[in-house]
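> Please read through the structure below; I'll follow up with questions.
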Amino acid sequence: MSNCIEPWKACEIAEAVGGRIVCGNGDAIIRGVTTDSRSIPPKSIFFALKGEKHDAHLFVPHVINEGAIAAIVDRPLPVPHFVTLIQVEDTTRALGDFALAYRKKFSVQIAGVTGSSGKTSVKNFLAGISRRRYRTVSTTGNLNNHIGVPLTLFNLKSKTEKAVIEMGMSVRGEIARLCEIAAPTLGIITSVGPCHLETLGSIDEIINAKSELTEYLNLKDGVIILPSDSAHFDELRSRAKCRVVSAGTREDSDVRITELNSDGFAPASFVFRGIPVCLKLPGRHMALNAALAAAAALEMGIDSLDIVEGLGSVFPETGRALAHKLDGVTLVDDAYNSNPLSLSAGISMLSDEEAERRILVMSDMLELGKESNEEHAKIGRLISEKKIDVLIYRGEKTSITAEESKNVKKIECRDNDEMAEIILKTMRQGDVILVKASHGMRLDEVVRKVIDRKISSTRAQVISMRK
Numbered sequence: 003m004s005n006c007i008e009p010w011k012a013c014e015i016a017e018a019v020g021g022r023i024v025c026g027n028g029d030a031i032i033r034g035v036t037t038d039s040r041s042i043p044p045k046s047i048f049f050a051l052k053g054e055k056h057d058a059h060l061f062v063p064h065v066i067n068e069g070a071i072a073a074i075v076d077r078p079l080p081v082p083h084f085v086t087l088i089q090v091e092d093t094t095r096a097l098g099d100f101a102l103a104y105r106k107k108f109s110v111q112i113a114g115v116t117g118s119s120g121k122t123s124v125k126n127f128l129a130g131i132s133r134r135r136y137r138t139v140s141t142t143g144n145l146n147n148h149i150g151v152p153l154t155l156f157n158l159k160s161k162t163e164k165a166v167i168e169m170g171m172s173v174r175g176e177i178a179r180l181c182e183i184a185a186p187t188l189g190i191i192t193s194v195g196p197c198h199l200e201t202l203g204s205i206d207e208i209i210n211a212k213s214e215l216t217e218y219l220n221l222k223d224g225v226i227i228l229p230s231d232s233a234h235f236d237e238l239r240s241r242a243k244c245r246v247v248s249a250g251t252r253e254d255s256d257v258r259i260t261e262l263n264s265d266g267f268a269p270a271s272f273v274f275r276g277i278p279v280c281l282k283l284p285g286r287h288m289a290l291n292a293a294l295a296a297a298a299a300l301e302m303g304i305d306s307l308d309i310v311e312g313l314g315s316v317f318p319e320t321g322r323a324l325a326h327k328l329d330g331v332t333l334v335d336d337a338y339n340s341n342p343l344s345l346s347a348g349i350s351m352l353s354d355e356e357a358e359r360r361i362l363v364m365s366d367m368l369e370l371g372k373e374s375n376e377e378h379a380k381i382g383r384l385i386s387e388k389k390i391d392v393l394i395y396r397g398e399k400t401s402i403t404a405e406e407s408k409n410v411k412k413i414e415c416r417d418n419d420e421m422a423e424i425i426l427k428t429m430r431q432g433d434v435i436l437v438k439a440s441h442g443m444r445l446d447e448v449v450r451k452v453i454d455r456k457i458s459s460t461r462a463q464v465i466s467m468r469k
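Be aware that the sequence shown starts at 3, since it is given in our numbering, and climbs by one per residue.
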């Protein structure tokens, strides 16, 4: 990703990242930042990041040819004399350090959003609300880690008033580092559930990791928004020495929503401060996400009417409960990611649908560690309790789900190509189909193939009828 930024001297960047200029001119004016050798803004500085498989130092000659005038590197490189090289010990940390220095140049209220699930939805709701009143920057796509958060902050400009930053994590210390970089004064923890157990090991450790946002706000006299409906609310609240605002359906919530109506994959609705709210997204969990965003918006000084209109302006995204109508079949694409919390919510919504058949298409939930077998088994038992007619599945762990699923027709697939073919052969008018899995299982490919084939088939039928 690349960004145009407010002008900085190369020597100022070197100071911000604790580096030294080993080549070129420290007075060079930098107007862009990039980590992507395929996208080079004019007069930009290139951060040569190193990953497990790739070393971007190999691309420094290319980015210079494409117009970069400076680079952050961890070793000297042969470059033209007019190119400014800043050498540091760790280029990834330098990216965060520069983002922190850049962020400090602006008087911007920043809200940080983290949680086991619901981060992106809450971020989208809050950004949608904020944009009705303020010039707002927010996370795009999946840029919620130690690389994505700095790149998001480089979108700040002198006229920016608010920013909503999604903060992801997989190990302890990541949220703390993202808080150090983004310096939020307002935070939201959306949920706590069995995600990243592979690296964190237990729910207690997940709570500890998510609470790094609270611990940062404790030091900054900030405000933390917490989900009052969560089974872990009391534990989350006990970590807070800053001001806590609870949001949800509980009577004692500081920000309460009432008359919540959620029926299958129909848009959820509720009442907020006496005003009816109609979302464009389905599910009780989505209404609770909206409540968290509303609570944060109140802390940002936004009035109730703007909050209601902002909540209603947010549309579903590809891979996130986006419903497609295909010749009498409803295909719900929720394939971007999956964990026990979000999959359970999806199964409950599917069960509530008035449909000819309710078809669940799923694959493995990843990063669950030693709890993976049991979490997949729990999903199978949930399927047995709900009105699910057909389970189409693939994956070693999802086989455990299938074994535990009773009173449901089960179809196992070898790969995504076969899964798409089976869906196409199985689906018929009146069906509702939910597709859900962890991103690494790439069920987005299945959705795309089914939609493309169905659209092509419909066009062929139309052409045939015209003949």
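Virtual Cβ for every residue (Gly too), placed ideally from N, Cα, C.
Since we're looking at a predicted model, the values are computed, not measured.
Out of 271, 37, 213, 333, state which residue places its alpha-carbon closest to the alpha-carbon of residue 428.
Position 426 of the sequence shown holds residue 428. Minimum Cα distance to residue 428 is reached at 333.
> In three-state DSSP terms, what is residue 293?
Reading the sequence shown from its first residue, position 291 is the one you call residue 293. Looking at residue 293 - three-state DSSP - the assignment turns out to be helix.
> In whole angstroms, give me the CA-to-CA distance for residue 312 and residue 127.
Within the sequence shown, residue 312 is the residue found at index 310, counting from 1. Within the sequence shown, residue 127 is the residue found at index 125, counting from 1. Taking the straight line from one Cα to the other gives about 7 Å.
> What does the alpha-carbon distance come out to for the pair residue 14 and residue 348?
Taking the sequence shown and counting its residues from 1, one reaches residue 14 at position 12. Taking the sequence shown and counting its residues from 1, one reaches residue 348 at position 346. Approximately 49 Å between the Cα atoms of the pair.
> Whole angstroms is fine: what's the gap from residue 211's alpha carbon to residue 121's?
Working through the sequence shown from its first residue, we reach residue 211 at position 209. Working through the sequence shown from its first residue, we reach residue 121 at position 119. Distance between the alpha carbons of residue 211 and residue 121 is about 15 Å.
> Quick check on DSSP: helix, strand or coil for residue 419?
Walking along the sequence shown from the start, residue 419 turns up at place 417. Helix, per DSSP.
> Return the CA-CA distance between residue 58 and residue 355, expressed in angstroms with no decimal places.
Working through the sequence shown from its first residue, we reach residue 58 at position 56. Working through the sequence shown from its first residue, we reach residue 355 at position 353. Their backbone Cα atoms lie some 49 Å apart in a straight line.
> With residue 258 as the anchor, note down where its alpha helix (DSSP H) starts and where it stops.
The residue given as residue 258 occupies position 256 in the sequence shown. Segment 257 to 263 is the beta strand (DSSP E) holding residue 258; no alpha helix (DSSP H) there.
> Please go through the same chain and pick out, in chain order, the residues whose beta-carbon is closer than 8 Å to the beta-carbon of residue 424, but skip the five residues on each side of it.
In the sequence shown, the residue the question calls residue 424 occupies position 422. Result list for residue 424: 394, 413, 415, in chain order.
> For the beta strand (DSSP E) that contains residue 194, what are its first and last residues?
Your numbering for residue 194 matches position 192 in the sequence shown. Counting along the chain, residue 194 falls outside any beta strand (DSSP E), and DSSP gives it neither H nor E.
> So who's on the other strand from residue 25, going by DSSP bridges?
The residue labelled residue 25 in the question sits at position 23 within the sequence shown. Per DSSP, 87.
> Between the C-alpha atoms of residue 264 and residue 209, what's the straight-line distance to the nearest angstrom?
Indexing the sequence shown from 1 puts residue 264 at position 262. Indexing the sequence shown from 1 puts residue 209 at position 207. So the alpha carbons of these two residues sit roughly 28 Å apart.
> Give a yes or no on whether the C-beta atoms belonging to residue 371 and residue 406 are separated by under 7 Å.
Counting from 1 along the sequence shown, the entry for residue 371 is found at position 369. Counting from 1 along the sequence shown, the entry for residue 406 is found at position 404. For residue 371 and residue 406, no; Cβs fall outside 7 Å.
> Under the DSSP definition of a beta bridge, which residues are partnered with residue 288?
Numbered from its first residue, the sequence shown carries residue 288 at position 286. In DSSP, residue 288 forms no bridge with anything.
> Would residue 388 be called buried (16 or more neighbouring beta carbons within 10 Å of its own) or exposed?
Translated into positions along the sequence shown, residue 388 becomes position 386. With 16 or more other Cβ atoms within 10 Å, it is buried.
> Alpha carbon to alpha carbon, what distance is there between residue 325 and residue 246?
The residue given as residue 246 occupies position 244 in the sequence shown. The residue given as residue 325 occupies position 323 in the sequence shown. One C-alpha to the other measures close to 36 Å.
> Please state the DSSP three-state secondary structure of residue 61.
For this step, residue 61 is matched to residue 59 along the sequence shown. Helix.
> Measuring only the C-alpha atoms, how far is residue 194 from residue 213?
Along the sequence shown, one-based indexing puts residue 194 at 192. Along the sequence shown, one-based indexing puts residue 213 at 211. The straight-line gap from Cα to Cα measures roughly 10 Å.
> Roughly how many whole angstroms lie between the Cα atoms of residue 457 and residue 450?
Numbered from its first residue, the sequence shown carries residue 457 at position 455. Numbered from its first residue, the sequence shown carries residue 450 at position 448. Roughly 11 Å separates the two Cα atoms.
> Name, in chain order, the residues that DSSP records as bridge partners for residue 431.
Counting from 1 along the sequence shown, the entry for residue 431 is found at position 429. Answer is none; residue 431 lacks a bridge partner.
> Grab me the residues of residue 242's own chain with a C-beta within less than 6 Å of its C-beta, minus the 5 sequence neighbours each way, in chain order.
In the sequence shown, counting from the first residue as 1, residue 242 sits at position 240. 216, 226, listed in sequence order.
> Candidates 255, 94, 329, 368: which alpha carbon is nearest residue 50's?
For the purposes of this step, residue 50 is identified with residue 48 of the sequence shown, where counting begins at 1. Residue 94 is the option with its Cα nearest to residue 50.
> Residues in its own chain within less than 7 Å of residue 90 by CB, not counting five upstream and five downstream?
Position 88 of the sequence shown, counted from the first residue, corresponds to residue 90. So the qualifying residues of the chain are 19, 20, 21, 74, 76, 96.
> Residue 162 and residue 110: beta carbons closer than 7 Å?
On the sequence shown, residue 162 is found 160 positions in, with the first residue counted as 1. On the sequence shown, residue 110 is found 108 positions in, with the first residue counted as 1. Going by C-beta atoms, residue 162 is nearer than 7 Å to residue 110.
> Let me confirm a value: residue 156 is counted as buried when at least 16 other C-beta atoms fall within 10 Å, else exposed. Which label applies?
As a first step, residue 156 must be located in the sequence shown, where it is residue number 154. Burial call: buried.
> Evaluate the contact criterion for the segment 132 to 140 versus the segment 302 to 309: three or more CB pairs, one atom per stretch, below 8 Å.
A contact exists between the segment 132 to 140 and the segment 302 to 309.
> With a Cβ-Cβ cutoff of 7 Å, do residue 167 and residue 238 count as a contact?
What you label residue 167 is simply residue 165 of the sequence shown in a count that begins at 1. What you label residue 238 is simply residue 236 of the sequence shown in a count that begins at 1. For residue 167 and residue 238, no; Cβs fall outside 7 Å.
> Apart from the five residues on each side of it in sequence, which residues of its chain come closer than 6 Å, Cβ to Cβ, to residue 117?
Stepping through the sequence shown from its first residue, residue 117 is reached at position 115. Closer than 6 Å at the Cβ level, and outside the excluded window around residue 117, lie 191, 192, 193.
> Bridge partners of residue 273, per DSSP?
Locating residue 273 in the sequence shown gives position 271, where the first residue counts as 1. Answer is 260, 278, bridged to residue 273.
> Where does residue 299 sit, in a helix, a strand or coil, going by DSSP?
As a first step, residue 299 must be located in the sequence shown, where it is residue number 297. It is helical.
> So residue 379 and residue 403 are in contact, right, with Cβ under 8 Å, and what is the actual spacing, rounded?
On the sequence shown, residue 379 is found 377 positions in, with the first residue counted as 1. On the sequence shown, residue 403 is found 401 positions in, with the first residue counted as 1. With 8 Å as the limit, residue 379 and residue 403 qualify as a contact, their Cβ atoms being about 7 Å apart.
> Restricting to Cα atoms, I'd like to know which of 201, 310, 357 is closest to residue 430.
Residue mapping note: residue 430 aligns to position 428 of the sequence shown, counting from 1. Among 201, 310, 357, the Cα nearest to that of residue 430 is on 357.
> For the putative contact between residue 337 and residue 438, defined by C-beta atoms under 8 Å, what is the C-beta separation to the nearest angstrom?
Walking along the sequence shown from the start, residue 337 turns up at place 335. Walking along the sequence shown from the start, residue 438 turns up at place 436. With a Cβ gap of about 6 Å, residue 337 and residue 438 count as contacting.
> Okay, do the segment 252 to 262 and the segment 283 to 298 touch, 3+ Cβ pairs below 8 Å being the bar?
Touching, yes.
> Locate the beta strand (DSSP E) running through residue 126, then write down its first and last residues.
Working through the sequence shown from its first residue, we reach residue 126 at position 124. That residue, residue 126, is in no beta strand (DSSP E); its alpha helix (DSSP H) goes 121 to 132.
> Please give the ranges of any alpha helix (DSSP H) in the segment 229 to 255, keeping only runs that are unbroken, at least 4 residues long and fully inside the region.
Within the segment 229 to 255, the complete alpha helix (DSSP H) runs of at least 4 residues are 235 to 240.
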